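Visitor: Before we start, here is the structure in question, set down as C-alpha cells.
In our numbering, the protein residues as written are -17 to 593.
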C-alpha cells in the first residue's frame, strides 16, 4: 500500500518535468511545492504516532492543496488531486469517517473533470470503482462503473469493470438505456421561505430551456430540452418544507425533456438562469408578502414526503415546514440532514417607557448616494436579521497564503467575532451560513438569507493576487453593468433584485469600505481599493442589500502575518461592525435605537441542516 500511495519523487513528477541525472537548476515553484508536499507525506508515513491522528493527515492534504490553490494550471495539479484522493481513501479506512470517503471520491472525480487530458484520470475513476465495489450499495457501483466506462471505454480495465457490473446486476431487468447524447439531470435542491424560493438543478452541462407561468393553480414550469432524469431522482423520498412553495414536481415529460413544475401561492416574479463550474440551473421565485420573523426551536422532524404520480405523470413533493426553507437533496450528495421545526414569531416588544399610541416622530431618511430615496428609506426599514457569510469552507480552502494561512479559516474566525459584536452592540438576530469548517454551495448562501427573511447579507472573503506585493481593502456589490462578456447575461440580469436593493447595496458597500479603511488606518497603513461592482455568484438572487468584503490580501506576506494575530482579526471584525452600523444609522436612526433596545439571538443555518 505504501508503494502504491507514495511513489518515488522522480516517478511522481509529470512527464517532461523530471530532472536530468546531471546537475540541474532549481525546480520551478510549482514543482518545489509538490515535492515539499511529498516530503510531508513521507514524514507522516514514517511515524506511526502521527498516523493515529487525523489532523496529521489533514496537514498532508493541505500541503497538496497548496499546489492546486497557487498553481491551478500546473502539470502537477492532477498528481496532487490523486494524492488527496488516496489520502482521504486511507483515512476513511483508518478512522471510519464517511465524510473522508466522500472527499476521496470528490478528489478522484475532480482529476477527470478539472484535468480531462490527464493520464491519471483512468486511475482515479478506477479507484472510485474499487471503493464502490466495497460498498453494499448496488446503485453506487453501477454509477461508478458507468462513469468509468463512459470516460474510458477502451481502457485495459474496462473489461473488468463490465464483469463487476454483471456480477452485481439486480435480479430485475435493467431499464432501457436513455437515448444517446442526452444531458443528465442528476440532483435537485431547494430552499423555500414565506417570500422566496430557490430551486437548483445540477446537470452535466447547459441546455436549452422553455419555461412559462400558468394560472389555475398558479405554477411555473421549466422544460430542460435534450435531457434525461438521473435514476437518483426517480422514486425517491425527499424532506421538504412549505412557505411560498407548495409543491415541486419533476419527471421525464418526454423522452428528451425533463420538466420541473413549481406550485406556489402569491407569486410576484421569477427568474431562471444558469451558474457555471459546476453547471447549475437556478430558479428563483419571489412572493408578494414580507417574510415572518422566524426563530429556531427543537421539535420532531417533519415526515418526508414520498413521490406519487398525478395525472400528468409528474412526481409530487408535498410540503412541510423545514426551518423556513426547503432543503431537498435528492442526488448523491452525502448523508441526509435532519431538519428542525420553526415557529413564527409575533411583532417585537415595544420599547420600555413608551406610552401606547405615542411613538416619537421618525427622523427623515437621508438621501442615498444616487441622490434619491429608495423605498426602504422612505418606509424607514432597518435590519433585525443579518446574515454573515464566511466564504469557502470544507474542501474549498479559498486562497492559501505563502505561510499556509487558509482563507476559509481566516474568514470564519473573523465572521464569528463579528457575529458576537452584532448581537452585543446592535441587538440584531444573526444567521451564519456556516459556523464550522463546512462547505456550503454558493447558490445555497443567498437562498439561506432569502428563506430566513434577512435584511442584510454580508459575505466575508480574503483577497488574492499573483503579485504578492498587492495589498489593501475593497468591497463589492452585485451589478452586471461591466459584465458584457458574461455568459447568458440576459438571464442573469433577470436575477438582480429591484433597483432599491442595488442602490442600497451600493450604499452598504460604501459604508463597509469606508469603515474598514478608517479603522485599519488607525493602526496600520492600508490601501483603499474602493467599491466595485461584479457579478459574484454568491450575491445573485439576494432579496436584501448584499455586499462582499475583501478584508485583506492573504497572498501578501506582511498582511498574512498580521491576519494570523487575534488583535488584527478583532480590528477587522470591529471595522465590519462599524460599516454595518453606519449603514443602518444612515438608513434610519430611529430604527437603530429600536434595534439596540431589543433582545438579541443568533441562529446558525447549518444547525437547521442537521450539521
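Note that beta-carbon positions come from the ideal geometry of N, C-alpha and C, so glycine has one too.
Keep in mind that this is a model prediction, so the values were computed, not measured.
Using the C-alpha atoms, what's the distance from residue 70 back to residue 107?
Guide: Distance between the alpha carbons of residue 107 and residue 70 is about 15 angstroms.
Visitor: Are the beta-carbon atoms belonging to residue 49 and residue 88 less than 8 angstroms from one another?
Guide: No, they are not a contact pair.
Visitor: Could you tell me whether the Cβ atoms of residue 143 and residue 127 are closer together than 8 angstroms?
Guide: Yes, Cβ-Cβ distance for residue 143 and residue 127 is below 8 angstroms.
Visitor: With a CB to CB cut of under 7 angstroms and the five nearest residues on each side skipped, what residues in its chain are close to residue 361?
Guide: Below a pLDDT of 50, predicted positions are generally treated as unreliable, and residue 361, at 37, falls in that range; no measurement from the model is reported.
Visitor: May I have a chain-ordered list of the beta strand (DSSP E) segments no shorter than 3 residues that lie completely inside the region 370 to 418?
Guide: Correct list: 411 to 414.
Visitor: Look at the alpha carbon of residue 307 and the alpha carbon of residue 516, and state the distance between them as a whole number of angstroms.
Guide: Per-residue confidence for residue 307 stands at a pLDDT of 31, beneath the threshold of 50, marking its modelled position as unreliable; the derived number appears in the next sentence. Taking the straight line joining both Cα atoms gives about 27 angstroms.
Visitor: Three or more beta-carbon pairs under 8 angstroms between the region 442 to 449 and the region 171 to 191, yes or no?
Guide: Contact between the region 442 to 449 and the region 171 to 191 is absent, because fewer than three Cβ pairs lie under 8 angstroms.
Visitor: Using the three-state DSSP reduction, which class does residue 53 fall into: helix, strand or coil?
Guide: In this structure, residue 53 counts as coil in the three-state DSSP scheme.
Visitor: Are the CB atoms of residue 597 and residue 438 nearer to each other than 8 angstroms?
Guide: This structure does not reach residue 597, given that the chain is present from -17 up to 593, and the question cannot be answered.
Visitor: For residue 193, list the residues DSSP reports as bridge partners.
Guide: According to DSSP, which records beta bridges pairwise, residue 193 is partnered with 204.
Visitor: Which of helix, strand or coil does DSSP assign to residue 45?
Guide: Helix, per DSSP.
Visitor: Looking only at DSSP bridge pairs, what is residue 212 linked to?
Guide: Looking at the DSSP assignment, residue 212 forms no beta bridge with any residue, so it has no partner.
Visitor: Near residue 76, what residues of its chain come up, given a Cβ to Cβ distance below 7 angstroms and the 5 sequence neighbours on each side ignored?
Guide: Within the same chain, residue 76 has no close Cβ partners at all.
Visitor: Relative to the C-alpha of residue 514, which residue among 236, 507 and 495 is closest?
Guide: The shortest Cα separation from residue 514 among 236, 507 and 495 belongs to 495.
Visitor: Report the option in 526, 261, 247 and 237 whose CA atom is closest to the CA atom of residue 230.
Guide: Here the closest residue by C-alpha is 247.
Visitor: Would you report the Cα separation of residue 422 and residue 373, rounded to the nearest angstrom?
Guide: When rounded, the distance between both Cα atoms is 9 angstroms.
Visitor: Using a Cβ-Cβ cutoff of less than 6 angstroms, which residues in the same chain neighbour residue 415 once the five nearest sequence positions on both sides are dropped?
Guide: Same-chain partners within the cutoff: 371, 422, 427, 430 and 587.
Visitor: Tell me which same chain residues have a C-beta within less than 8 angstroms of the C-beta of residue 212, skipping the five on either side of it?
Guide: Answer for residue 212: 166, 167, 168, 169 and 313, listed in chain order.
Visitor: What does the Cβ neighbour count give for residue 196, buried or exposed, with the cut at 16 atoms within 10 Å?
Guide: Residue 196 is exposed by the Cβ-count criterion.
Visitor: Between residue 398 and the rest of its own chain, which residues show a CB-CB distance below 6 angstroms, the 5 nearest in sequence each way excluded?
Guide: So no residue of the chain qualifies.
Visitor: Is the region 57 to 70 close to the region 381 to 401, with three or more CB pairs under 8 angstroms?
Guide: Segments in contact, no.
Visitor: On the CB-based measure, 16 or more other CB atoms within 10 Å of its CB, does residue 37 come out buried or exposed?
Guide: That one is exposed.
Visitor: Per DSSP, which one or two residues make a beta bridge with residue 170?
Guide: The partner list for residue 170 (beta bridge, DSSP) reads 183.
Visitor: Would you kindly check if the distance between the Cβ of residue 404 and the Cβ of residue 393 is under 8 angstroms?
Guide: For residue 393 and residue 404, no; Cβs fall outside 8 angstroms.
Visitor: Where does residue 506 land, buried or exposed, given buried means 16+ other C-beta within 10 angstroms?
Guide: Exposed, by the Cβ-count rule.
Visitor: Report all residues from its chain with a CB closer than 6 angstroms to the CB of residue 492; omit the five preceding and five following residues, and keep chain order.
Guide: So the list reads 513, once near-sequence residues are dropped.
Visitor: Near residue 341, what residues of its chain come up, given a Cβ to Cβ distance below 8 angstroms and the 5 sequence neighbours on each side ignored?
Guide: Caution applies to residue 341, whose pLDDT of 41 falls short of 50 and renders its modelled position unreliable; the model cannot decide the point.
Visitor: Which whole-angstrom value describes the C-beta separation of residue 518 and residue 454, a residue pair presumed to lie in contact below a C-beta threshold of 8 angstroms?
Guide: So it is not a contact: roughly 18 angstroms between Cβ atoms.
Visitor: For residue 367, list the residues DSSP reports as bridge partners.
Guide: Paired residues: 411.
Visitor: What number of angstroms, rounded off, separates the C-alpha of residue 78 from the C-alpha of residue 28?
Guide: Approximately 22 angstroms, taken between the alpha carbons.
Visitor: Considering only DSSP beta bridges, list what residue 541 is partnered with.
Guide: Note: residue 541 sits in no beta bridge, so no partner.
Visitor: Beta carbon of residue 229: closer than 7 angstroms to some heavy atom of the ligand FMN?
Guide: Among the ligands in the structure shown, none appear at all, so the ligand FMN cannot be discussed.
Visitor: Looking only at its own chain, which residues have a Cβ that is under 7 angstroms from the Cβ of residue 557, when we skip the five neighbours before and after it?
Guide: Result list for residue 557: 497, 498, 501 and 502, in chain order.
Visitor: How do the region 226 to 241 and the region 196 to 206 stand: do at least 3 beta-carbon pairs fall below 8 angstroms, yes or no?
Guide: Taking 8 angstroms as the limit for Cβ pairs, the verdict is that the region 196 to 206 does touch the region 226 to 241.
Visitor: Quick check for students: name the residue ranges of the beta strand (DSSP E) that lie wholly in the region 233 to 261, counting only runs of 3 or more.
Guide: DSSP runs (the beta strand (DSSP E)) wholly in the region 233 to 261: 239 to 246 and 249 to 257.
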